[in-house]
Amino acid sequence: MSNPDLNSKRLPPVPTSNELDEPSLPESSAVENQGGPSTVPQSTDVISSLGEFRFYKPTENTFSKPRPDAVPEEFFELTSSDIKSAQAQLVARVKAYQDAPLLTEKLRNEREKEVRERYPTTTIRIKFADRSVLEKTFPSSSKIKPIYAFVRGCLREDAKAHKFVLFESPPRRDLKVSDTAVKDKTLYDLHLAPQSILHFRFLEDTIKLDLPSGPPPLLPDIIGNAEELPPPPSTTEDSPPKTDKAKASANAKANADTKPAGRSSGKSGPVDESKAEKLSRLLKLGNKLGKK
Numbered sequence: 000m001s002n003p004d005l006n007s008k009r010l011p012p013v014p015t016s017n018e019l020d021e022p023s024l025p026e027s028s029a030v031e032n033q034g035g036p037s038t039v040p041q042s043t044d045v046i047s048s049l050g051e052f053r054f055y056k057p058t059e060n061t062f063s064k065p066r067p068d069a070v071p072e073e074f075f076e077l078t079s080s081d082i083k084s085a086q087a088q089l090v091a092r093v094k095a096y097q098d099a100p101l102l103t104e105k106l107r108n109e110r111e112k113e114v115r116e117r118y119p120t121t122t123i124r125i126k127f128a129d130r131s132v133l134e135k136t137f138p139s140s141s142k143i144k145p146i147y148a149f150v151r152g153c154l155r156e157d158a159k160a161h162k163f164v165l166f167e168s169p170p171r172r173d174l175k176v177s178d179t180a181v182k183d184k185t186l187y188d189l190h191l192a193p194q195s196i197l198h199f200r201f202l203e204d205t206i207k208l209d210l211p212s213g214p215p216p217l218l219p220d221i222i223g224n225a226e227e228l229p230p231p232p233s234t235t236e237d238s239p240p241k242t243d244k245a246k247a248s249a250n251a252k253a254n255a256d257t258k259p260a261g262r263s264s265g266k267s268g269p270v271d272e273s274k275a276e277k278l279s280r281l282l283k284l285g286n287k288l289g290k291k
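Shown next, in the form of structure tokens:
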């Protein structure tokens, strides 16, 4: 006779051999395998973790274009004041060079500290083969490794599998993380502050992921948000202001063209009052400057 208490309790089914060999997946994993939401980090999440940076579109090489000849010829004419100023600068440089060994260690440290405090941050631009540019600002006290980590975080997955190097040019200087002369120095010690341009290349020449024809091996979201590279500040305008040399030459020419008061080319006649007043004002201004 069977016990009713035992019959009321149903034992769990015995797993088959297939179930023992293949462990069951959680429900969330099964959804992922069926094309549901994945836990793999998306590119937008990766980009947000890189901090603030910019990516600029490829630009033409402006250095190959001829510069406009907008500088007046008077600019190249040396005056006595120019020669005196150049001589004074040369004497000061020679004296500073001669007195350099006499500087105390304390004074050198103070000057070094002053310069470091002047450039607390360093702007680094990474240039790729197609002339597109990544730009990010780092603390000047940072080392080269965070720059490599930032660039690697911007690369596509197929490019992350390959080693790359950042270098300066010209002259060519590789800034490898494995180099003991580089990895332990700050950006300031590497003479990268306050701003520098580094070039990107793969260590293996057979890797053809960064070509001049583009695009660079960066995440699609980064390339999609590319900006126009801002032009450098213009040093000349359509009508550039006259320099001190040009002004001095113009004043000398004006004084030469101005006729003395009370005379008119050796002939008697009425005096040009406007020219006389202008000459008088120039003479008074020259006297005031001479007294100062």
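Numbering (numbering that gives the first Met the number 0) for the sequence shown: 0 to 291. In this text, a Cβ means the ideal position worked out from N, Cα and C, and glycines have one as well.
I need the boundaries of the alpha helix (DSSP H) containing residue i, first residue and last residue.
i	result
Glu156	Glu156 to Lys159
Lys182	Thr179 to Lys182
Lys144	Ile143 to Cys153
Tyr96	Ser79 to Asp98
With DSSP as the reference, please indicate the residues paired to residue i in a beta bridge.
i	result
Gly221	Here residue 221 turns out to be Ile, not Gly, going by the sequence shown. DSSP lists no partner for Ile221.
Tyr55	Val132 and Glu226
Asp173	Phe166
Thr185	Lys142
So is residue i buried or exposed if we call it buried at 16+ other beta carbons inside 10 Å?
i	result
Ser139	buried
Ile143	buried
Val90	exposed
Pro230	exposed
Ile82	exposed
Ala128	buried
Lys207	exposed
Pro169	exposed
Leu191	buried
Phe137	buried
Asp68	For Asp68, the pLDDT reaches just 48, beneath the cut-off of 50, and the residue's location in the model is therefore unreliable, although a value from the coordinates is still provided. Result: exposed.
Pro219	exposed
Leu77	exposed
Leu54	Residue identity differs from the one stated: residue 54 is Phe in this sequence, not Leu. Result: buried.
Lys112	exposed
Gly34	Since pLDDT at Gly34 reaches only 38, below the 50 mark, its modelled position is unreliable, and the value read off the structure follows with that caveat. The residue in question, Gly34, is exposed, as its Cβ has fewer than 16 Cβ neighbours within 10 Å.
Leu106	exposed
Pro269	Caution is warranted here: a pLDDT of 47 is assigned to Pro269, below 50, making its placement in the model unreliable, and the coordinate value is therefore given only provisionally. By the neighbour-count rule (16 or more Cβ atoms within 10 Å), Pro269 is not buried but exposed.
Thr38	Low confidence applies here, because Thr38 scores a pLDDT of 41, under 50, leaving its location unreliable and the question unanswered by this model.
Lys126	buried
Ala202	Here the sequence assigns Leu to residue 202, which means Ala is not the residue at that position. Leu202 should be labelled exposed.
Phe166	exposed
Along the chain, where does the beta strand (DSSP E) containing residue i start, and where does it finish?
i	result
Arg107	Looking at the DSSP string, Arg107 is not in any beta strand (DSSP E); the run it does join, the alpha helix (DSSP H), is Glu104 to Arg117.
Ser195	Gln194 to Phe201
Thr120	Thr120 to Lys126
Are the stretch 179-194 and the stretch 111-124 in contact at 8 Å, needing three or more beta carbon pairs? The stretch 179-194, when compared against the stretch 111-124, does touch it at the 8 Å Cβ threshold.
Would the stretch 148-163 count as touching the stretch 93-106 if we require 3 or more Cβ pairs under 8 Å? The answer is no - the stretch 93-106 does not touch the stretch 148-163, with fewer than three Cβ pairs under 8 Å.
Should the stretch 211-220 be called in touch with the stretch 167-184, which here means at least 3 C-beta pairs below 8 Å? No: the two stretches stay apart, fewer than three of their Cβ pairs being nearer than 8 Å.
Do the stretch 168-179 and the stretch 130-138 make contact, defined as three or more Cβ pairs closer than 8 Å? Judged by Cβ distances under 8 Å, the stretch 168-179 makes no contact with the stretch 130-138, as fewer than three pairs qualify.
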